[in-house]
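> Note that this note's numbering has the sequence shown beginning at 117, numbered continuously upward.
After the structure tokens below, expect a handful of questions from me.
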Amino acid sequence: MKQKEYEHEAVPEEWLTDHDPNRRLLAAKSVIMNHPSSMEEAVGVLEELPNDDTLLGARVRRALAKFQLDVEQEFDTLFKLSDKDRRGFVTNKLQKSVSSIRTPNADKDMLALSAEVQKSHCDSTLREFASFSPYKNRTSDAAIVLVQFGDIGLDAIMDGVYSYDGEVRLFSITCVSELLLTHFPEWMEEIAGILDHWDLSIKCYVPRMLWRSQASFALPMLEQCLSHDDFGFAALCAKAIAIIDPSKRENSLKFVEGLEIDEFFKSNLLAELRGEKPYLGM
């Protein structure tokens, strides 16, 4: 069975002592996620694996960055902090872990490998980052890694938008939004196509990306979305239409006035369409 089939499920624990280092890596990660009481043994296996500039080494460093935490040493500090300071403490720890994922020469060596291997590396990197709890700057950290692979990295992000893993979908669409104006200008047709996504939480990101890029070609698609069952999403599309084509602002205003949506959201959106306040999300 292919290794990637085991990424998110338990694998045989006897793989912890297998001669294949890739199997030992998968087994250690599986034990940590499925049997936390055996975490110390599994982390020990990770520490013994090659930590070099190979693809395996990169995966080992990502795993260690996530799991190698001396909990007993940190608990006393955490419990003495306020809720706000505690969040900052944890965020700082995560950022330090993220920064330790790669060695200085890892990207150079990885870029010398085949496109297939680079794509596999990007897909794995995306999944690893998406598994972090939602602390700020995590998408920026992932973007720094993935954009170095050019179209291969961007393609991995776009593929992630259609992943069956909800965390990967959300993480990927956030990456697209953050990189929109710097790395995705050539991908606007693909981004507009996300309006047809099955996940409403994902497609709601698209109207803002379209109005930020002044994607006039997408106006017919946005107009079709005005009949969507979710009125909040339809309202966002009406706003996008008004921003992209100001001559249609009055039509968007009348459309939003007739919608039954959250009053606070509606009142702010109407104020924007009437010119009483600047558009948010520009």
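Don't be surprised by glycine CBs; every beta carbon is placed ideally from N, CA and C.
Keep in mind that this is a model prediction, so the values were computed, not measured.
Confirm, please, whether the CB-CB distance from ALA350 to LEU389 is below 8 Å.
For LEU389 and ALA350, no; Cβs fall outside 8 Å.
> For the alpha helix (DSSP H) containing VAL233, name the first residue and the last one.
Unbroken alpha helix (DSSP H) run through VAL233: 231-246.
> Using DSSP with H/G/I as helix, E/B as strand and the rest coil, what is GLN330?
Looking at GLN330 - three-state DSSP - the assignment turns out to be coil, as it is neither helix nor strand.
> If you follow the alpha helix (DSSP H) that LYS370 is part of, which residue opens it and which one closes it?
Taken as a continuous stretch (DSSP letters only), the alpha helix (DSSP H) holding LYS370 covers 365-373.
> From the DSSP output, in three-state form, read off ASN384 for me.
Of the three classes helix, strand and coil, the one that applies to ASN384 here is helix, per DSSP.
> Contact check, LEU342 vs LEU369 under 8 Å by CB: the rounded distance?
About 13 Å; that fails the 8 Å criterion.
> Please report the distance separating the alpha-carbon of ARG175 from that of ASP378.
Going from the Cα of ARG175 to the Cα of ASP378 covers about 45 Å.
> Could you check what DSSP says for PHE300 in three-state terms: helix, strand or coil?
Residue state, collapsed to three classes: coil.
> Are the CB atoms of LEU286 and ALA272 within a distance shorter than 8 Å?
It is not a contact, given that the beta carbons lie outside the stated cut-off.
> From TRP314 to SER288, what distance separates their C-alpha atoms?
Rounded to the nearest angstrom, the two C-alpha atoms are 15 Å apart.
> Do LEU165 and LEU141 have their CB atoms nearer than 8 Å?
Taking 8 Å as the Cβ cut-off, LEU165 and LEU141 qualify as a contacting pair.
> Only counting the same chain, and skipping five residues up and downstream in sequence, which positions put a Cβ closer than 6 Å to that of ALA356?
The answer, listed in chain order, is PRO323, LEU326, TRP327, LEU338.
> Taking the alpha-carbon positions, what's the PHE371 to ARG365 distance?
Rounded to whole angstroms, PHE371 to ARG365 spans 10 Å at the Cα level.
> Could you check which residue in ALA231, PHE245, CYS238 has the C-alpha nearest to that of ASP257?
Nearest of ALA231, PHE245, CYS238 to ASP257, Cα basis: PHE245.
> Going by the CB atoms, is the gap between LEU316 and ASP346 shorter than 8 Å?
Yes, the Cβ-Cβ distance between ASP346 and LEU316 is below 8 Å.
> With ILE360 as the anchor, note down where its alpha helix (DSSP H) starts and where it stops.
That run of the alpha helix (DSSP H) goes 347-360.
> Report yes if the C-beta distance between PHE300 and LEU270 is below 8 Å; otherwise report no.
Yes; because the gap between Cβ atoms is below 8 Å, this pair is in contact.
> Could you say which of VAL147, VAL292, SER332 lies nearest to CYS320 if we only look at CA atoms?
Checked all of VAL147, VAL292, SER332; the closest Cα to CYS320 is VAL292.
> According to the Cβ coordinates, are VAL284 and LEU242 closer than 8 Å?
Yes, the Cβ-Cβ distance between VAL284 and LEU242 is below 8 Å.
> The alpha helix (DSSP H) with PRO336 in it runs from where to where?
335-340 is the extent of the alpha helix (DSSP H) around PRO336.
> Along the chain, where does the alpha helix (DSSP H) containing SER317 start, and where does it finish?
Segment 316-319, the alpha helix (DSSP H) holding SER317.
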